[in-house]
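As structure tokens, the structure follows; a few thoughts come after it.
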Amino acid sequence: MAFDEKTVNGMRVLAAIVDSGSFVRAGEALAMSQSGVSRAVARLEARLNIRLFDRTTRKVSLTDEGRRFYAQINPLLAGLEDAVASAGEGAVVVRGRLRVNIDPLFARILLGPKLGAFLKQYPELELDLTVRDHLGDMVGDGFDLAVRLGHPQTSSLIARKLMDTRVLTVATPAYLRKHGTPKKPADLESPDHVCIHFRNPVTGRPFDWEFHRGGKVTIVHPRGQVTLNDPGTMESVLLSGYGLAQVIDLAVQPLLRSGALTPVLTAWPDERFPLYALYPSRQHPPAKTQAFLAFVQSLLP
């Protein structure tokens with residue numbers, strides 16, 4: 001394949017379509033006509049001998065081949081942006097648009113309170129944060145980086161573990177006075193206890209109630225009338241004294257310190273839940289990605 005100016009231009013157009021979600025908006029971002037955008041894509045498809053997009057009247061989405069190609073070139077294009085931006089300067093400049101897929105709980109508990117200071121540090125950075133309870137198609141959706149709680153699924157993405165946090169079983173003191181404190185995991189299956197389930201966004205089913213100790217895992221199946229998928233709602237239901245729930249230590253530390261929530265079954269202390277950074281390539285990440293990852297790392301206990 002001839003690697004020339006038209007090929008590079010086609011790659012820029014491809015990235016703009018993925019970022020904006022349409023040929024029209026990509027043309028507006030690049031100051032090109034819609035027909036010019038279409039011609040650039042057609043030339044690139046001809047050079048690659050693959051089809052990059054599935055197009056309907058309502059939606060544009062990457063094909064599998066297009067997704068793989070975009071995952072390879074996007075970090076390289078970002079690196080070129082950095083090289084141009086830092087030419088003649090003593091250090092790499094953190095600038096440009098960074099699209100990040102972020103876990104809601106992490107965003108609310110740790111990221112949000114400190115985000116303003118980070119943005120002031122890098123005034124030339126344009127940060128586009130999408131907070132949602134699932135990763136989705138990271139490459140197809142045009143994200144440069146994701147920060148997610150939970151074990152990542154097998155994929156072509158590069159996964160870097162940032163930390164582990166403990167999984168705790170908690171309730172309010174009022175609930176425990178009324179229903180009693182469970183002494184062993186099997187006690188949760190008793191009709192005397194009310195348990196609040198939380199939905200796994202990957203499987204769509206409630207998380208298992210697991211208890212880890214010394215390499216042994218005990219799984220119980222408590223009854224429960226409600227399954228939630230929002231950490232904020234889980235917290236408010238818990239604080240009402242309705243029932244017991246399994247939560248991560250990171251989310252409830254202030255409530256534990258104040259005595260609003262009490263941990264139970266503390267003889268099973270070994271379950272952990274991870275936080276990962278995910279990105280699409282092993283290539284050296286651009287300065288803006290490195291800066292955001294360093295910021296995330298600085299927030300972790």
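Under the UniProt record's numbering, the first residue of the sequence shown is numbered 1, with each subsequent residue one higher. Note that CB positions come from ideal geometry on N, CA and C, so glycine has one too. The model shown is predicted, which means the values in this text are computed figures rather than measured ones.
If you draw a straight line from the C-alpha of Leu261 to the C-alpha of Gly142, how long is it?
-> If you take the alpha carbons of Leu261 and Gly142, they lie about 40 Å apart.
What does Gln246 pair with, by DSSP beta-bridge criteria?
-> Residue pairing for Gln246: DSSP places it in a beta bridge opposite Thr169.
Entirely within the stretch 103-185 and at least 4 residues each: give me those alpha helix (DSSP H) ranges in chain order.
-> 112-121 and 173-179
Please determine if the stretch 141-157 and the stretch 227-237 are in contact, where contact requires at least 3 C-beta pairs separated by less than 8 Å.
-> no
Determine the contact status of Val93 and Glu124, defining contact as a CB-CB distance below 8 Å.
-> yes
When the Cα atoms are used, what is the spatial distance from Lys120 to Ala291?
-> One C-alpha to the other measures close to 13 Å.
Select from Arg148, Gly136, Tyr175 and Gln297 the residue whose C-alpha is nearest the C-alpha of Gly259.
-> Tyr175
Using a threshold of 8 Å, state whether the C-beta atoms of Leu278 and Arg68 are closer than that.
-> no
Of the listed residues Gln225, Ser22, Gly232 and Asp208, nearest to Phe273 (C-alpha basis) | It is Asp208.
Assigned exposure category for His193 - 16 Cβ within 10 Å defines buried = buried
Leu127 versus Pro286: straight-line alpha-carbon distance, rounded = 14 Å
In its own chain, which residues sit with a C-beta less than 7 Å from the C-beta of residue 321, not counting the 5 before and 5 after it?
-> Limits of the chain in this structure are 1 at one end and 301 at the other, which puts residue 321 out of reach.
According to the Cβ coordinates, are Ser281 and Pro75 closer than 8 Å?
-> yes
Close beta carbons around Phe53, own chain, < 8 Å, minus the five adjacent residues each side | Excluding positions up to five away in sequence, the list reads Ile17, Val41, Val60, Ser61, Leu62, Thr63 and Gly66.
Look up Ser33 in the DSSP assignment and say whether it is helix, strand or coil.
-> coil
Whole-angstrom Cβ separation of Leu244 and Val170, contact assumed at under 8 Å?
-> 7 Å
7 Å CB neighbourhood of Ser29 in its chain, flanking five on each side removed | Checking the sequence, you will find Ala at residue 29 rather than Ser. If we look at Ala29 and ignore the five residues flanking it on each side, its Cβ neighbours are Ala16 and Ser20.
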